[in-house]
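What follows is one structure encoded as structure tokens, with my remarks underneath.
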Amino acid sequence: MMKLKKLSLAALAAAAALTLAPTASADATEDYPIPRKILHTPCTAEQILAATRDTDPVYYERYMIDYNNKSPEVHRAVQDRIHWFFSMDYAGRRQYSEDTATNAFYEQLAWNWPNWAKIFFNNKGVVAHSTAVCMNYPPDDMSVWVW
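In terms of my numbering, the sequence shown opens at residue 2 and continues consecutively.
Written as structure tokens, this is what we have:
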């Protein structure tokens, strides 16, 4: 009986802790989930890819290997989505960053390929290197998508 009472109290305490715990939340910042240099860059997706290829080739290779393991439909969707993102001004990009930080279901492409934008968004060091030199590359060189 005493053992049952202790278990009941433990279960009650656990339930109370779960019910009374504050809800976790995420807010976008100038560097999360998308680094500020990407939010502000005037470069295109192709310029970022070309710059990353030359400044951080290992990251470019990893991304392209993953990219090439996807279907042609996903390739088209990735290109369309990242072109859409870079066509926006700072306010639009910042809102997109906020939406992806606060709503796990916002970016539908992530369900087809969770890392679809990793080379553009997820590594501040790589982004810092690529955005520093991206303007030196042609803006519409689609050959960077072929590796």
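Using N, Cα and C, we set each Cβ at its ideal position, and we do this for glycine too.
Computed from a prediction, not measured in an experiment: that's the story for all the values here.
CA-CA distance, residue i and residue j?
| i | j | result |
| --- | --- | --- |
| HIS130 | GLU47 | 15 angstroms |
| TYR91 | ASP55 | 26 angstroms |
| PRO75 | LEU110 | Looking at the sequence shown, residue 75 is not Pro but Val. Their backbone Cα atoms lie some 8 angstroms apart in a straight line. |
| ASN137 | ALA52 | 8 angstroms |
| THR101 | GLU108 | 6 angstroms |
| ASN124 | PRO36 | 8 angstroms |
| SER98 | ILE66 | 26 angstroms |
Comparing the CB of residue i with every heavy atom of the ligand HEM, is any distance shorter than 8 angstroms?
| i | result |
| --- | --- |
| ASN104 | Because no ligand of any kind appears in the structure shown, any question about the ligand HEM cannot be addressed here. |
Count the other CB atoms within 10 Å of the CB of residue i; is the residue buried (16 or more) or exposed (fewer)?
| i | result |
| --- | --- |
| PHE106 | exposed |
| PRO73 | exposed |
| PRO43 | exposed |
| TRP85 | exposed |
Give me the residue from the options with the minimum Cα distance to residue i.
| i | options | result |
| --- | --- | --- |
| PRO34 | ASN70, VAL59, VAL79 and LYS119 | LYS119 |
| ASP141 | HIS41, TYR97, LEU50 and GLU31 | LEU50 |
| ILE83 | GLY126, VAL147 and PHE121 | PHE121 |
| VAL79 | ASN113, ASP57, ASN104 and SER88 | ASN113 |
For residue i versus residue j, is the C-beta spacing smaller than 9 angstroms?
| i | j | result |
| --- | --- | --- |
| LYS38 | THR132 | yes |
| ASP57 | VAL134 | no |
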